[in-house]
Structure formats: structure tokens, C-alpha cells
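**Q** Following this message is one structure expressed as C-alpha cells.
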Amino acid sequence: MRTNSMPLRGDDIRERNEKIVLRFIRDSLNTGSSQSEVVQKTGLKAPTVFRIYTRLENLGLIEPVLSKGEASEKIERKGRRPTAYRIKPNALYMIGLDFWAESLTMGVFDLCGEALLSETKALDQSLTAVQVTDLIAEQITAAIRRLKIKREKILGVGVGAPGQVNVITREVSFYSRIKDMTAFPIAAELEALLKLPVTLSNNCAVLALAECRYSLRQPQNSLFMFLLRAGVNGAFIIGDSIFTTARATTIESGHIAIQADGPRCPCGSKGCLEALLTELHDRQTSQRDWLFSGLLPADVPSASAAGTGVPVSIDSARAAAPSRSSVAETPSAKLILDQAASYLAAALRTVARLYNPHTVLFVAESLNLAEAVGQRVHSLNRDYASHFDAEQAAIYAQAYDPVLAQRGAAELVLDVFFNG
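Counting in my numbering, the sequence shown runs from 90 upward without gaps.
In C-alpha cells, the structure reads:
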């Protein structure tokens with residue numbers, strides 16, 4: 090195995106250059122990229138780029154982009170080659186999956202990012218970690234058969250798992266809502282069942298990655314996202330990458346201590362943000378698996394079927410005005426949301442001290458709920474702003490989008506392919 094201190098071999102350099110070019114072509118989408126554009130943008134020599142284009146075309150990974158006029162000219166004038174190339178549809182595939190105690194959602198994408206399949210399946214909450222893993226493998230195998238995809242064309246499977254994830258050991262360190270999911274090597278188990286490479290991260294983290302790349306479209310900035318699901322978690326994206334701790338674990342912002350003598354948390358500690366929010370949730374008359382589900386009227390999700398919905402911005406002017414859902418809030422709903430926002434605002438102040446993100450995103454079961462919480466948090470932190478916060482983070486709200494979560498998990502595979 091080559092270490093960072095060892096020189097690159099010729100084959101390593103060739104493969105690296107091919108992936109640089111392939112990624113550049115992929116990023117150009119259907120418009121394609123010419124060899125001259127790649128030479129100009131990458132600094133690679135023209136003969137090198139020519140050889141790479143030839144090889145990628147021979148491998149069936151790229152194809153020429155033909156306008157209608159060029160297509161007719163090609164018939165009349167043999168040998169004329171178009172200058173722009175794009176990724177060939179269905180050249181390679183990625184599978185992305187997000188799961189938690191209540192359900193799993195899975196998507197299959199081609200290298201262009203086109204969604205070929207998207208499905209969500211409810212999970213029996215009595216299932217053990219091994220049983221959930223077996224079920225995931227069955228779902229993936231069935232999808233591969235249904236789409237008639239050759240396994241050698243599948244780059245891998247990206248998995249967004251609940252709880253804290255160690256990205257080096259590829260284990261779920263701890264998740265309380267699925268039995269035996271403690272130090273559980275889910276990636277290795279799935280690889281043994283599927284005979285495909287598996288990349289693992291936290292489910293909140295993969296969703297935040299997709300939100301950053303596809304919805305907010307600001308990969309060069311930083312994003313902190315709170316996901317309100319059965320519990321609450323957060324993820325930090327910086328430099329277009331998922332932030333992990335010094336021990337290679339995903340962060341667990343749902344277990345920021347808010348009250349020293351607060352309620353006992355399933356993690357074993359006391360006064361965690363998640364413990365306080367779930368205690369509020371349990372006071373609801375409608376107790377479903379999503380936090381505060383049914384507390385506000387149902388709305389039309391902001392996300393599109395393509396998994397690229399645009400989050401709602403919560404700026405100072407909007408935060409000062411009533412939210413769209415406030416007219417329908419009952420007194421009990423208002424009380425619960427006010428209290429939940431006070432806990433989340435306290436957690437966000439801690440997040441700001443540690444990470445100082447450019448953008449904060451709240452994701453919940455519905456846009457109404459995410460926006461109601463986001464506006465309250467924005468108002469609280471504006472009224473009690475720290476002198477350290479000379480520049481406040483922009484706050485957005487978004488409904489949970491399963492296709493976007495699938496994309497985020499598939500992005501793990503893509504990152505390994507291009508950068509690994």
C-alpha cells in the first residue's frame with residue numbers, strides 16, 4: 090500500500106489524471122466539456138488530455154455531445170468529431186441509502202446523477218441490527234435485479250446510518266433505537282452480503298452533504314444542519330466535506346448538554362438536547378415517531394421529486410413576522426414549540442462557538458414545522474446575540490426529502506471513486 094510519503098507511480102498518476110478529467114466532464118452536465126476546456130482548467134498537457142479522452146470513450150464512460158445540426162452534419166461529412174463530451178448515461182452506478190428505526194429509503198443513481206429508482210420501506214421497530222442489515226441487503230439486491238444492472242458497473246453503496254458512526258472502523262458506535270446496534274460493523278456485514286464496496290457515514294451527515302451540494306448550492310461555505318426526526322442530530326459540512334472528530338466519529342449534537350440536572354437520556358447522560366426535546370414530544374396527544382409530528386397543519390413539502398428542493402430562507406425580516414403556520418398554532422403547540430426552540434437556540438449558541446458556520450439549516454417532517462422552529466431560534470439568538478457573533482449565520486428551513494438523503498449517501502461513493 091502506498092503511503093503519503095511514497096512517490097506516485099506512473100499508473101497512479103494516470104488514474105488520478107483520468108479521474109480529474111472525468112469529474113470535470115461530469116460537472117459540465119449535458120453541455121459537455123471539450124479537450125481544450127479541460128487543458129485550460131486543469132493545467133494538463135493537450136496530448137495527455139487527448140489520450141485520456143480517447144481512453145474514457147473506449148471504456149464507454151463518455152460520449153460526444155451532438156446538437157441537431159452537428160448530428161445531421163456528421164451524416165453528410167464523415168470523420169468530423171464534435172469537440173464536447175459528456176458522461177455516458179448508465180456507464181456506472183451508485184446506490185445510496187438512509188435508514189433509522191422507523192424506515193429505510195434507498196435510491197439508485199447513474200454516474201450523471203440521474204435517479205433510476207427511489208423507494209422507501211417501513212421498518213418493524215422490533216428488528217435487531219443484524220435483521221435490519223439483512224433487510225437492507227435484500228432491498229439492494231432486489232433493486233439491482235429489477236434494474237438489470239451488472240454488478241461490475243456498480244461503484245459501491247453509500248449508507249447513512251443512525252447514531253454515531255466511526256468512518257474508519259465503519260461501525261455504528263451507538264444507536265439506542267435498534268437493538269444491538271452498538272459497535273456494530275454494518276459496512277463489513279453489508280459487503281459480505283452484497284459483494285460490493287460500502288462507504289458509511291451518519292444519516293444526518295449525508296443529508297447535510299446533499300443539502301449543501303444540491304439545494305443550497307454553496308459547497309465552498311460551511312453548513313450546520315439540525316435534523317428533527319425521532320430524536321435530534323446535527324452535522325457540519327465544511328470545505329465540501331463531512332466534519333468528523335479527532336477519533337473519526339461523526340458528531341452527536343443531539344447530545345449537547347443543555348441542563349446539568351435534566352432528564353436522563355438513552356445515551357446514559359443527563360440533560361441532553363435530545364432528552365429535552367423527546368420529553369416535550371411525549372407530551373403531545375399525537376405521539377408518532379417524528380418529533381412534534383402533527384403539531385402543525387400538514388403542508389406541501391418544499392422538496393421536489395428530483396431531490397433538489399430549495400430550502401426556505403429565514404432572514405431578519407421574515408423572523409420578525411408571524412410564520413406561515415403560526416395562525417394555526419394551538420396554545421399547546423405554541424408552548425411546546427417555544428420551549429423546543431429555546432433548547433435548540435442554546436444548542437446553536439454552542440455550535441456557533443465551536444464551528445461558527447456560515448449557514449444553519451433546520452430539517453423536520455414538514456416545512457411548516459422546520460420554519461416555525463427556525464424562526465423562533467433565529468429570533469431568540471438575535472435578541473440575545475453574543476458579541477462573538479458579529480456576523481450571524483443565515484438560517485434556512487426544509488422538509489425532509491428522502492431522495493435528497495439518498496443522493497447524499499450516493500455522494501459518499503462518488504467521493505471515494507474520485508478522491509480515494
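Glycine included, every Cβ here is placed at the ideal spot set by N, Cα and C.
(1) Quick one: grab the DSSP three-state call for CYS354.
(2) Quick check: the Cα distance between ASP472 and VAL466, rounded to an integer number of angstroms?
(3) Using beta-carbon positions only, say whether ALA436 and SER342 come within less than 9 Å of one another.
(4) Within the continuous alpha helix (DSSP H) that includes ARG144, where are the two ends?
(5) Using C-beta distances below 7 Å, list every residue in its chain close to PRO171, excluding the 5 sequence neighbours before and after it, in chain order.
(6) Tell me whether LYS134 is buried or exposed, calling it buried when 16 or more other Cβ atoms sit within 10 Å of its Cβ.
(7) Reducing DSSP to helix, strand and coil, say where PRO420 ends up.
(8) Any Cβ of chain D within less than 9 Å of the Cβ of ASN119?
(9) Under the three-state reduction of DSSP, which class applies to LEU111: helix, strand or coil?
(10) Please determine, among LEU433, PRO352, LEU503, the residue with the shortest C-alpha to C-alpha distance to ALA364.
(11) Taking the continuous beta strand (DSSP E) assigned at SER192, which residues delimit it?
(12) Please classify GLU480 as buried or exposed, where buried requires at least 16 neighbouring CB atoms within 10 angstroms.
(13) Using DSSP with H/G/I as helix, E/B as strand and the rest coil, what is GLU260?
(14) If contacts are defined as beta-carbon pairs under 8 Å, then ILE425 and GLU460 qualify, I think. What distance do you get, rounded to the angstrom?
(15) What is the rounded straight-line gap between the Cα of GLY497 and the Cα of GLU300?
(16) Rounded to whole angstroms, what's the CA-CA distance from ALA349 to LEU433? Just pull it up for me.
(17) For the alpha helix (DSSP H) that contains GLN253, what are its first and last residues?
(18) Nearest-angstrom Cα distance between PHE313 and VAL449?
(19) If we call anything under 9 Å between Cβ atoms a contact, is THR194 one with GLU208?
(20) Quick one, which of ILE102, PHE188, ARG112, ARG98 has its alpha-carbon nearest VAL505's?
(21) Which one or two residues does DSSP pair with SER39 in a beta bridge?
(22) Assuming CYS361 and ILE345 form a contact by the criterion Cβ under 8 Å, report the distance between their Cβ atoms to the nearest whole angstrom.
(23) Spatial neighbours of GLU203 within its chain, please: CB distance less than 8 Å, with the 5 preceding and 5 following residues excluded, ordered by chain position.
(24) Could you name the residues that DSSP lists as bridge partners for ASP187?
(25) How about TRP379 and LEU317: do their beta carbons lie closer than 9 Å?
(26) Quick check on DSSP: helix, strand or coil for GLN348?
(27) Straight-line CA distance for ASP187 to ALA337?
(28) Could you pull out every residue in the same chain whose Cβ sits closer than 6 Å to the Cβ of PRO286, ignoring the five residues on either side in sequence?
(29) Expressed to the nearest angstrom, what Euclidean distance is found between the alpha-carbon atoms of VAL138 and PRO274?
(30) Quick one: is THR288 buried, meaning 16 or more other Cβ sit within 10 Å of its Cβ, or exposed?
(31) So what does DSSP say about GLU152, is it helix, strand or coil?
(32) Taking all protein chains shown into account, decide if GLN495 is buried (16 or more other Cβ within 10 angstroms of its Cβ) or exposed.
(33) Please confirm whether ILE114 and SER122 have their CB atoms less than 9 Å apart.
(34) Using C-beta distances below 6 Å, list every residue in its chain close to PHE198, excluding the 5 sequence neighbours before and after it, in chain order.
(35) What is the residue span of the alpha helix (DSSP H) that GLN214 lies within?
(36) Going by other Cβ atoms of all chains shown within 10 Å of its Cβ, with 16 needed for buried, is HIS370 buried or exposed?
**A** In this structure, then:
(1) Indexing the sequence shown from 1 puts residue 354 at position 265. In the displayed model, CYS354 falls within coil according to three-state DSSP, outside both helix and strand.
(2) If you number the sequence shown from 1, residue 472 lands on position 383. If you number the sequence shown from 1, residue 466 lands on position 377. Their backbone Cα atoms lie some 10 Å apart in a straight line.
(3) Here residue 436 refers to the residue found at position 347 of the sequence shown. Here residue 342 refers to the residue found at position 253 of the sequence shown. Yes, the pair counts as a contact, with Cβ atoms nearer than the cut-off.
(4) Residue 144 sits at position 55 when you count from the first residue of the sequence shown. Segment 135-147, the alpha helix (DSSP H) holding ARG144.
(5) Here residue 171 refers to the residue found at position 82 when the sequence shown is read from its first residue. Residue placement at PRO171 is poorly supported in this model, since its pLDDT is 49, which falls under 50; the coordinates still yield a value, given next. The residues PRO153, VAL154, LEU155, GLU159, in chain order, have a CB closer than 7 Å to that of PRO171 in the same chain once the five nearest residues on each side in sequence are set aside.
(6) Start at 1 with the first residue of the sequence shown, and residue 134 comes out as number 45. Label assigned to LYS134: exposed.
(7) Indexing the sequence shown from 1 puts residue 420 at position 331. The three-state reading of DSSP puts PRO420 in helix, counting H, G and I together.
(8) The structure shown contains no chain D; it holds only a single protein chain.
(9) Your numbering for residue 111 matches position 22 in the sequence shown. Helix, per DSSP.
(10) Mapped onto the sequence shown, residue 364 falls at position 275. Nearest neighbour of ALA364 by Cα position, chosen from LEU433, PRO352, LEU503, turns out to be PRO352.
(11) Sequence index remark: in the sequence shown, residue 192 carries index 103 (1-based). Here the beta strand (DSSP E) through SER192 covers 192-199.
(12) Translated into the one-based positions of the sequence shown, residue 480 becomes position 391. GLU480 should be labelled exposed.
(13) As a position in the sequence shown, residue 260 is number 171, starting the count at 1. Shown here, GLU260 sits in a strand according to DSSP, grouped into three states.
(14) Indexing the sequence shown from 1 puts residue 425 at position 336. Indexing the sequence shown from 1 puts residue 460 at position 371. Not quite, the Cβ-Cβ distance comes to about 16 Å (not below 8 Å), so this is no contact.
(15) Here residue 497 refers to the residue found at position 408 of the sequence shown. Here residue 300 refers to the residue found at position 211 of the sequence shown. Going from the Cα of GLY497 to the Cα of GLU300 covers about 8 Å.
(16) Stepping through the sequence shown from its first residue, residue 349 is reached at position 260. Stepping through the sequence shown from its first residue, residue 433 is reached at position 344. Cα to Cα, the separation comes out at about 16 Å.
(17) Here the question's residue 253 lines up with position 164 in the sequence shown. Note, GLN253: premise wrong, no alpha helix (DSSP H); beta strand (DSSP E) at 253-255.
(18) Position 224 of the sequence shown, counting from 1, holds the residue named residue 313. Position 360 of the sequence shown, counting from 1, holds the residue named residue 449. Cα to Cα, the separation comes out at about 5 Å.
(19) As a working mapping, residue 194 is identified with position 105 in the sequence shown. As a working mapping, residue 208 is identified with position 119 in the sequence shown. Against a cut-off of 9 Å, the Cβ pair of GLU208 and THR194 comes out as a contact.
(20) Counted from its first residue, the sequence shown places residue 505 at position 416. Of the listed residues, the one whose Cα sits closest to VAL505 is ARG112.
(21) Nothing can be reported for residue 39, as the shown portion of the chain is limited to 90 through 509.
(22) Reading the sequence shown from its first residue, position 272 is the one you call residue 361. Reading the sequence shown from its first residue, position 256 is the one you call residue 345. Right, their Cβ atoms sit about 7 Å apart.
(23) Residue numbering aside, residue 203 sits at position 114 when the sequence shown is read from its first letter. So the list reads PRO178, once near-sequence residues are dropped.
(24) Looking up residue 187 in the sequence shown gives position 98. DSSP output for ASP187 lists THR194, GLY249 as bridge partner(s).
(25) Here residue 379 corresponds to residue number 290 of the sequence shown, with the count starting at 1. Here residue 317 corresponds to residue number 228 of the sequence shown, with the count starting at 1. Contact flag set, yes.
(26) What you label residue 348 is simply residue 259 of the sequence shown in a count that begins at 1. GLN348 falls in the coil class under three-state DSSP.
(27) Position 98 of the sequence shown, counted from the start, is the residue given in the question as residue 187. Position 248 of the sequence shown, counted from the start, is the residue given in the question as residue 337. Those two C-alpha atoms are separated by around 20 Å.
(28) Numbered from its first residue, the sequence shown carries residue 286 at position 197. Cβ neighbours of PRO286 beyond the five flanking positions: GLY245.
(29) Your numbering for residue 138 matches position 49 in the sequence shown. Your numbering for residue 274 matches position 185 in the sequence shown. Taking the straight line joining both Cα atoms gives about 41 Å.
(30) Translated into the one-based positions of the sequence shown, residue 288 becomes position 199. It counts as buried.
(31) Counting from 1 along the sequence shown, the entry for residue 152 is found at position 63. Assigned with DSSP and collapsed to three states, GLU152 falls in strand.
(32) Here residue 495 corresponds to residue number 406 of the sequence shown, with the count starting at 1. Looking at its Cβ environment, which holds 16 or more other Cβ atoms inside 10 Å, GLN495 is buried.
(33) As a first step, residue 114 must be located in the sequence shown, where it is residue number 25. As a first step, residue 122 must be located in the sequence shown, where it is residue number 33. For ILE114 and SER122, yes; Cβs fall inside 9 Å.
(34) Taking the sequence shown and counting its residues from 1, the one referred to as residue 198 is at position 109. Within the same chain, PHE198 has close Cβ partners MET183, ALA204, ALA499.
(35) For the purposes of this step, residue 214 is taken as residue 125 along the sequence shown, with counting starting at 1. No alpha helix (DSSP H) holds GLN214; DSSP gives it neither H nor E.
(36) Numbered from 1 along the sequence shown, position 281 holds the residue referred to as residue 370. It is buried - the Cβ of HIS370 has at least 16 other Cβ atoms within 10 Å.
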